[in-house]
Amino acid sequence: MEKLKNKNVNLKLSNIGENLEINYREIFEILPRKLRNILGNLQYSFLKDVEEIRLRVNKPLLINCHGEDYFLSENGWPTKMIHKIIMVNKDDIMTCFRLVTDYSAYALEEEIKNGFITIKGGHRVGICGKAIIENRKVRTIKDISALNIRISKEKIGCSEKVINYIINGPDSVFNTLIVSPPGCGKTTILRDIIRLISSGIRRYNFKGISVSIVDERSEIAGCYNGIPQKDIGIKTDVLDGCPKAEGMIMLIRSMSPRVIATDEIGRDEDIYALKEAMNAGVKFITTVHGDSIEDIKRKNISILIENKIFERVIILTNRPRVGTVKEVIDLKTNSILNEIPIDERREGHGT
Amino acid sequence: MVLKLTVGTVLLFSSWAIGYLISLKYGLRVRQIEYFISALNSLENDIVYYSNPLPVAMKRIADRSHKSIAWVFEETWEKLNNREGNGIDEAWKQVINNNIDLLFLTGEDIEIIVDFAKELGLGNKETQRKHFEYTKILLIQQKGKAIKEKEKNGKIFNKLGALLGLAIVIILI
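First to last, the protein sequences are chains B and H. No gaps in the numbering here: position 105 of the first sequence is 105 in UniProt numbering, and each next residue is one more. No gaps in the numbering here: position 115 of the second sequence is 115 in UniProt numbering, and each next residue is one more.
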């Protein structure tokens, strides 16, 4: 902890066109003292790329970095050898769980039922243990046996490469669907798109417009005690922890948004709610799991694609790296936009 | 003679005062148990009905409780707020053990209060409500015992002090 404090815990990294801001203090605060001291010994060059910290009862402490799992040796070095490594016991898990819940599991009943808790900074902690079932629904999880701390990394500016395909004139956007397999940066890019269309983009003379988010799993805005922990723009309202379909209808009625954004749609009621939004003249930006346009045409969302309710489809891939834009498709003309020079494309759509 | 009377009076008073102070301890035990029961009622309300996070509830109880026990909640709140990496049970136990002289409770009473923190904050509201009920029942039982001891031993020590003082004065004079 001390090492990190000396290095200015609130670290800011500059990458090519991207800023990474990770507040490790928020992560350290939910760890038991024993584990804090060990992780505090990690080199910053390694720590900054940590994606997950996994705690399992009577199993080694695991750290996931660049998709690879590492154990931690007793002196705090990452290793792949199971020799003199840090083990996690029941007390560590319980102390960590108490810290994650701010000693108040009773106040987070709904979150525990859903199997995860969002902590300050928008990081998510997955919970595993014995599920108690009542009326065929999970009432709670007891005997916590594993915790997975997923470190949320906000990439400010990562949507700049696609934003000009989404905006439509100075104060409107196209209905957009972001498609990718899990772990390719859908939510990260969606968050940044929301930030830009909410706050405005001077370069494209785009005025900021009001955006409402239905954040069912607290992944987009990372709300903690109702306050978004991520930069989601100045004209954005967040309905946190609400089922998507219900939330979209509520927002249309109550907040009169210009754009509704939500993550990972798929259920029939979500599709119905999107149609309602369309009828109310509200634009929407959403994401779905899939590899390609053919893949998503096999899902129940295909009706919105075939009827050309979605105007833009952005397909992401993790090759060569997470967040790579594979294709931007204009569904009205069935053309791939990111092969056309930007000026021509903007002129073609009269923006 | 005046000197004898003065010394005798001082001895009598001192002996009575010692007896009185010992008897007072029994009364203070009863009161502190009552204060703890009352604080647990307030804490239960904050948790079960208002869903306040435990550190917030602790601070509220510290501000509202009688000063003879408020420090337990105040110092625990400080520890939780500093995010020292402790569980609440550990923090609560440390606070009580560090200032145990300020409590006029027996080992049995303290054990109940220390054990109370082991399940505090864990589980849902229903579990918490049951946990509070259980601890309060135990404390009410302890209060009953404390009242009996106060009535029995308190009076004895009160009178014993004065009688002992009188006996010493008579022997010396």
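Ideal Cβ positions, reconstructed from N, Cα and C, are used throughout, including at glycine. Bear in mind that the values here come from a model prediction, so they are computed numbers and not experimental data.
For residue 176 (chain B), I'd like the list of residues in its chain whose CB is within less than 6 Å of its CB, leaving aside the five on either flank, ordered along the chain.
Start at 1 with the first residue of the first sequence, and residue 176 (chain B) comes out as number 176. Only 166, 285, 312 meet the Cβ criterion.
Given residue 69 (chain H) as reference, the closest of H:44, H:118, H:103 once Cα atoms are compared
As a first step, residue 69 (chain H) must be located in the second sequence, where it is residue number 69. For residue 69 (chain H), the nearest C-alpha among the options comes from H:103.
Residue-chain proximity (residue 118 (chain B), chain H), Cβ-Cβ < 9 Å
The residue you call residue 118 (chain B) lines up with position 118 of the first sequence. Not an interface residue.
Residues in the region 256–285 of chain B having any Cβ partner in chain H nearer than 9 Å
none
Separation of residue 90 (chain B) from residue 73 (chain B), as counted between CA atoms:
For the purposes of this step, residue 73 (chain B) is taken as residue 73 along the first sequence, with counting starting at 1. For the purposes of this step, residue 90 (chain B) is taken as residue 90 along the first sequence, with counting starting at 1. Looking at the two C-alpha atoms, the distance is approximately 19 Å.
Separation of residue 316 (chain B) from residue 214 (chain B), as counted between CA atoms
Numbered from 1 along the first sequence, position 214 holds the residue referred to as residue 214 (chain B). Numbered from 1 along the first sequence, position 316 holds the residue referred to as residue 316 (chain B). Straight-line Cα distance between these residues: approximately 22 Å.
Got a sec? Which residues, its chain only, sit under 6 Å from residue 89 (chain H) by beta carbon, not counting five neighbours each side?
Numbered from its first residue, the second sequence carries residue 89 (chain H) at position 89. So the list reads 117, 118, once near-sequence residues are dropped.
Proximity of residue 359 (chain B) and residue 121 (chain H) at Cβ, strictly below 9 Å
Within the shown structure, residues of chain B are numbered from 1 to 351, placing residue 359 (chain B) beyond reach of any answer.
Neighbourhood of residue 164 (chain H) by C-beta, 8 Å cutoff - its chain only, sequence neighbours within 5 removed:
Residue 164 (chain H) sits at position 164 when you count from the first residue of the second sequence. So the qualifying residues of the chain are 15, 19.
Mapping the DSSP letters down to three states, classify residue 173 (chain B) as helix, strand or coil.
Within the first sequence, residue 173 (chain B) is the residue found at index 173, counting from 1. Looking at residue 173 (chain B) - three-state DSSP - the assignment turns out to be strand.
Find out if the Cβ-Cβ distance for the pair residue 117 (chain B), residue 132 (chain B) is shorter than 9 Å.
Taking the first residue of the first sequence as 1, we reach residue 117 (chain B) at position 117. Taking the first residue of the first sequence as 1, we reach residue 132 (chain B) at position 132. No; because the gap between Cβ atoms is not below 9 Å, this pair is not in contact.
Among B:202, B:204, B:225, B:234, which one has its Cα closest to the Cα of residue 212 (chain B)?
The sequence position of residue 212 (chain B) within the first sequence is 212, counting from 1. Per the Cα distances, B:234.
For residue 253 (chain B) and residue 45 (chain H), I'd like the C-alpha separation in whole angstroms.
Here the question's residue 253 (chain B) lines up with position 253 in the first sequence. Here the question's residue 45 (chain H) lines up with position 45 in the second sequence. So the two alpha carbons sit approximately 35 Å from each other.
Please state the DSSP three-state secondary structure of residue 279 (chain B).
Residue 279 (chain B) sits at position 279 when you count from the first residue of the first sequence. Residue state, collapsed to three classes: helix.
In chain order, what residues of the region 38–59 of chain H put their CB closer than 7 Å to some CB of chain B?
47, 51, 53, 54, 55
Residues in the region 212–245 of chain B having any Cβ partner in chain H nearer than 7 Å
none
C-alpha gap between residue 21 (chain B) and residue 144 (chain H), whole angstroms:
Indexing the first sequence from 1 puts residue 21 (chain B) at position 21. Indexing the second sequence from 1 puts residue 144 (chain H) at position 144. Its pLDDT being 45, under 50, residue 21 (chain B) is placed unreliably in this model, and the coordinates cannot settle the point.
Own chain residues within Cβ distance below 6 Å of residue 26 (chain H), not counting five before or after
Residue 26 (chain H) sits at position 26 when you count from the first residue of the second sequence. Only 149, 150, 153, 154 meet the Cβ criterion.
Along chain B, in chain order, which residues have C-beta atoms closer than 7 Å to that of residue 175 (chain H)?
With chain H running from 1 to 173 in the structure shown, residue 175 (chain H) is simply not present.
Can you find the residues in the same chain that come closer than 7 Å, C-beta to C-beta, to residue 159 (chain B), ignoring five residues on each side of it along the sequence?
Counting from one through the first sequence, the residue named residue 159 (chain B) turns up at place 159. Excluding positions up to five away in sequence, the list reads 189, 192, 193, 196.
Do residue 124 (chain H) and residue 140 (chain B) have their CB atoms nearer than 9 Å?
Mapped onto the second sequence, residue 124 (chain H) falls at position 124. Mapped onto the first sequence, residue 140 (chain B) falls at position 140. Yes, Cβ-Cβ distance for residue 124 (chain H) and residue 140 (chain B) is below 9 Å.
Given that residue 123 (chain H) touches chain B, what residues does it touch there, using C-beta distances under 8 Å?
Taking the first residue of the second sequence as position 1, residue 123 (chain H) is located at position 123. Within chain B, the residues near residue 123 (chain H) are 105, 106, 140, 142.
So residue 107 (chain B) and residue 51 (chain H) are in contact, right, with Cβ under 8 Å, and what is the actual spacing, rounded?
On the first sequence, position 107 is the one that residue 107 (chain B) refers to. On the second sequence, position 51 is the one that residue 51 (chain H) refers to. Their Cβ separation, rounded to whole angstroms, is 5 Å, which keeps residue 107 (chain B) and residue 51 (chain H) in contact under 8 Å.
Residue 301 (chain B) and residue 282 (chain B): beta carbons closer than 9 Å?
The sequence position of residue 301 (chain B) within the first sequence is 301, counting from 1. The sequence position of residue 282 (chain B) within the first sequence is 282, counting from 1. Not closer than 9 Å, so no.
For residue 292 (chain B), which residues in the same chain have their Cβ closer than 7 Å to its Cβ, ignoring the five residues on either side in sequence?
The residue given as residue 292 (chain B) occupies position 292 in the first sequence. So the list reads 315, once near-sequence residues are dropped.
Please confirm whether residue 120 (chain H) has its beta-carbon closer than 9 Å to some beta-carbon of chain B.
Mapped onto the second sequence, residue 120 (chain H) falls at position 120. Cβ-Cβ to chain B under 9 Å: yes for residue 120 (chain H).
Given a cut-off of 9 Å, decide if residue 109 (chain H) and residue 33 (chain H) are closer than it, judged by their beta-carbon atoms.
If you number the second sequence from 1, residue 33 (chain H) lands on position 33. If you number the second sequence from 1, residue 109 (chain H) lands on position 109. Yes, the pair counts as a contact, with Cβ atoms nearer than the cut-off.
Name the chain B residues whose beta carbon is nearer than 9 Å to that of residue 80 (chain H)?
Within the second sequence, residue 80 (chain H) is the residue found at index 80, counting from 1. By Cβ distance, chain B contributes 102, 103.
Drop a sphere of 10 angstroms on the beta-carbon of residue 330 (chain B), count the other beta-carbons inside from all chains shown, and report buried for 16 or more, exposed for fewer.
Along the first sequence, read from residue 1 onward, the residue named residue 330 (chain B) stands at position 330. With 16 or more other Cβ atoms within 10 Å, it is buried.
For a contact meaning CB atoms closer than 8 Å, what does residue 128 (chain H) contact in chain B?
In the second sequence, residue 128 (chain H) corresponds to position 128, counting from 1. Correct list: 106.
Buried/exposed call for residue 103 (chain B), threshold 16 Cβ in 10 Å
As a first step, residue 103 (chain B) is located in the first sequence; it is residue number 103 there, counting from the start. Classification for residue 103 (chain B): buried.
Where the beta strand (DSSP E) containing residue 70 (chain B) begins and where it ends
Position 70 of the first sequence holds residue 70 (chain B). Counting along the chain, the beta strand (DSSP E) containing residue 70 (chain B) begins and ends at 68–72.
Are any of the Cβ atoms in chain H nearer than 9 Å to that of residue 57 (chain B)?
Within the first sequence, the letter at position 57 stands for residue 57 (chain B). Not one chain H Cβ lies under 9 Å of residue 57 (chain B).
For residue 38 (chain B), which residues of its own chain have a beta-carbon under 7 Å away from its beta-carbon, when the five flanking residues on both sides are left out?
The residue given as residue 38 (chain B) occupies position 38 in the first sequence. These residues qualify, in order along the chain: 72, 76, 86.
With a cut-off of 9 Å, does the C-beta of residue 363 (chain B) fall near any C-beta of chain H?
The shown model of chain B, from 1 to 351, leaves out residue 363 (chain B), and the question about it has no answer.
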